[in-house]
Amino acid sequence: MRSEDELSFDEIDEIINPKPEENDFDRILETALTRRGLLKSVMAYGGVAALGSAGISAGLVSGEAQAAKDRFAFSPIDANTLDDITLPDGYSSQVVARWGDPLWTEGVDFDHETRGNAESQALAFGDNIDGMEVFAHGDKTLLVVNNEYTNRKIIWGNREDGKPASDDDILKGKMAHGLTVVEIAEQDGQWSIVKDSPYNRRVTPDTEMQITGPAAGHDLLKTAADPDAKTALGTWNNCGNGSTPWGTYLACEENFNGYFSAEDEEHTVSAELKRYGVSSKDWGYGWAKIDDRFDVAKNPNEPNRAGYVVEIDPRKPDAAPRKLTALGRFKHENAELVINSDGRVVVYMGDDERGEFLYRFVSTGVYAPGAETDSLLEYGQLYAAKFNDDGTGEWLELSPQATGMGSIAEISVHTRIAASAVGATTMDRPEWVSANPNKAEVYAALTNNKNRGVKPNAGGDPTPAGGPNPREKNIYGQIVRWRPVRADHTSNSFSWDLYALAGNPSIPGDASAPSDNISVANMFNSPDGLKFDSNGILWIQTDGNYSNEEAFAGHGNNQMLAGDPATGEIRRFLVGPNEAEITGLTWSTDKRTMFLGVQHPGEKGGSHWPEGGDKVARSAVIAVRRDDGGVVG
Ligand code: FEO
Ligand code: CA
Ligand code: CA
Ligand code: CA
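Numbering follows the numbering used here, with no gaps: position 320 of the sequence shown is 304.
Here you go:
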């Protein structure tokens, strides 16, 4: 027998996990791997799906597929462009919490004329809801929600051209960022905010937090206000999330760069800051006008203190959140945490920017329920993914030796530069990553990348079409998945394929051709949120082009679909209101309510959801339930 080194990763996988029948990984390997070949192999998925349905009636498919079919307990809905939430028959939704809803009785109800002020906003639910998680605490239900960012034309829509008219306007915007921790309660099937709960909390860009991990105390993080580099202020642009088995929430700092500017617009930033998109101009938030911390000329190290994953314990409202530098610094989308069979903690993470990378963290220590957990996300090894065209891939270690960089601390801060140095694969904007609860298999949404095959990433790395990023000028996006060999999440080898290639089958041409599990009935673009429910259904949320025209004709508004990992079947479950993105997903502990986020409805002025009439559109958390009270995940 050949030694393990002589076998392909897929052959090793086959020996360890023998497959009863041909699957799509085998198809990938058998197919000529030209770009066209790869598209064809993905499109062969329809064949797999058809086989699956036939097999179900014949009792020939795996128990997993049968179980998944039983859980697909809804009839798919059509795309639409209604300014409303659309669900299948037998399901209903309600709004649980909106931007500007007060968390305490000392707050005031949202004012549609003024859209609040800094003081009211600091006491209220933040804006643009993204990642979220429910935590049970005794008989209480705590909901933690990221408030990613603000849209100028919404938060300052009462001002001329949507520009802040005062320092208070700017501070209002700042206070709408961060996170909201809120106790919610259900009465007669309706969820609402428990005002004045001792667990209610706003974590804002000004909240004091602890810097942990390799970069804590490092020169790159030292500022005049914090010469020890141990205490940072605040978190902002928190996109997706993760959670830990020890009951904490992971908030992921994404486009942190857009908040820094310099009074001197001619000021030039370092090459390292430039790699992260920091410049002398911000994205219109204006924070440097009220807080010197965001003037990059005055505080050039301040941007090095953002771009991390932040750990928050919702049961300890007074505890300082922890910035986890061990998990690297980049535009973190979410953090999918898996406890490996040997107890080590593995965290999969995407860096959402065109041509950036997928990452993995493996802890040094092992998780044991009840034992100390702080060190688990402080000590470990970071890796970046390399995908080979033959359906195999490997995790490349980001060590000083492999990267040529001076220290682990430096790699924790300049993580993109480290991943470029080892030749990781440039990806089509990695968004959420989610691990299948039923097997060692991990999915990542690659939302789109108009620069694929057109120009290099911000670090100069080439972005040729191929592998898991098969289409030039990719406007639709795809979902890639990988299986670690031996079902071991700490293994450096994996096999991969595409679960879905989004597109538009009504438009001819290779560029719009989707995989065969995508049809006119379930098409979408720009997959973003991904989350498995406890039964193993993959929920897919979109943040894409909702013009419903030309290449996107028939796609309707942004939506949420359910995917069966075993058969490839994808069904549309929900369509969101106008100009909104659907993002963030979690469930009540009894699994009878699904909570999800509606972000930036009316970002271009075309929505009045959820209140209708002439009301200001407001990002909100909604609850979705079955009318018969059955489980929804
Ligand atoms: Fe905030 Fe990559 O989405
Ligand atoms: Ca996202
Ligand atoms: Ca997105
Ligand atoms: Ca968004």
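No residue lacks a Cβ here, since even glycine has one placed at the ideal position from N, Cα and C. Remember, predicted model here, so these are calculated numbers, not experimental data.
Proximity of residue i and residue j at Cβ, strictly below 8 Å
i      : j      : result
Val605 : Ala81  : yes
Leu234 : Gly226 : yes
Thr228 : Gly339 : no
Glu587 : Asn135 : yes
Leu380 : Tyr367 : yes
Asn509 : Gly528 : yes
Trp466 : Val504 : no
Ile491 : Ala449 : no
Val397 : Ala199 : yes
Ser479 : Thr551 : no
Met193 : Arg306 : yes
Pro440 : Pro301 : no
Pro489 : Pro498 : yes
Asp412 : Thr431 : yes
Glu565 : Glu415 : no
Glu650 : Ala319 : Because the chain here runs from -15 to 617, residue 650 falls outside it and cannot be looked at.
Ser572 : Val118 : yes
Thr215 : Val294 : no
Proximal residues to residue i (C-beta, below 7 Å), its chain only, five neighbours per side dropped
i      : result
Ser359 : Gly349
Asn435 : Arg338, Gly339, Thr447
Lys265 : Ser245, Glu249
Gly443 : Arg259, Arg400, Ile401, Ser404
Asp598 : His592
Ala213 : Ile195, Ala200, Gly201, His202, Leu205, Lys206
Glu563 : Tyr530, His584, Pro585, Gly586, Glu587, Lys588, Gly590, Ser591
Ile168 : Val80, Thr125, Leu127, Trp175, Ser176, Ile177, Val178
Asn288 : Leu204, Leu205, Val397
Ser104 : Gly91, Val92
Ser391 : Pro384
Val406 : Ala368, Leu380, Leu382, Ala386, Thr387
Residue i CB to nearest heavy atom of ligand 1 below 7 Å
i      : result
Glu132 : yes
Asp358 : no
Thr317 : The sequence shown places Glu at residue 317, rather than the Thr named in the question. At least one heavy atom of ligand 1 is nearer than 7 Å to the Cβ of Glu317, so yes.
Glu340 : no
Glu238 : yes
Asp111 : no
Asp62  : no
Asp412 : no
Asp625 : Outside the displayed range of the chain (-15 to 617) lies residue 625, so it cannot be described from this structure.
Contact set for residue i: own chain, Cβ-Cβ below 6 Å, skip 5 residues either direction
i      : result
Glu620 : Past the edges of the chain, shown from -15 to 617, lies residue 620, and the structure says nothing about it.
Trp267 : Gly242
Ala607 : Gln78, Val80, Trp175, Thr577, Phe579
Gly270 : Pro148, Ile154
Phe345 : Leu311, Val331, Gly364, Leu366
Contact belief for residue i with residue j at Cβ below 8 Å, rounded distance in angstroms
i      : j      : result
Phe516 : Met116 : Going by Cβ atoms, the distance from Phe516 to Met116 rounds to 15 Å, so no, they are not a contact pair.
Ala402 : Met389 : 6 Å
Tyr75  : Asp611 : 7 Å
Ala209 : Leu155 : Their Cβ separation, rounded to whole angstroms, is 18 Å, which puts Ala209 and Leu155 out of contact at 8 Å.
Thr164 : Phe109 : 5 Å
Asp114 : Gly568 : 5 Å
Val559 : Asn64  : 5 Å
Leu361 : Ala310 : 6 Å
Asn130 : Arg99  : Their Cβ separation, rounded to whole angstroms, is 20 Å, which puts Asn130 and Arg99 out of contact at 8 Å.
Asn324 : Asp472 : 7 Å
Asp111 : Ser603 : 6 Å
Ile138 : Val582 : Not a contact, Cβ separation roughly 13 Å.
Asn222 : Asn239 : No, Asn222 and Asn239 are not in contact; Cβ-Cβ is about 10 Å, not under 8 Å.
Asn519 : Gly617 : 7 Å
Any non-hydrogen atom of ligand 2 within 7 Å of residue i CB
i      : result
Glu563 : no
Thr567 : yes
Cys223 : yes
Interface flag, residue i vs chain B, CB-CB below 8 Å
i     : result
Thr65 : The chain labelled as chain B is not found in the depicted structure, where only one protein chain is given.
Cβ neighbours of residue i in the same chain (closer than 8 Å, five flanking residues each side left out)
i      : result
Phe56  : Ile521, Ala546, Asp548, Glu553, Arg555
Gly614 : Ala57, Arg576
Ala424 : Arg467, Pro468, Ala471, Asp472, His473
Leu514 : Glu415, Trp416, Val417, Ser418, Tyr427, Ala428, Ala429, Ile463, Leu522, Trp523, Ile524, Gln525
Q: Specify which residues have a beta carbon nearer than 7 Å to any heavy atom of ligand 3, listing them in chain order.
A: Asp336, Glu415, Thr431, Ser510, Asp512, Asp527, Glu565
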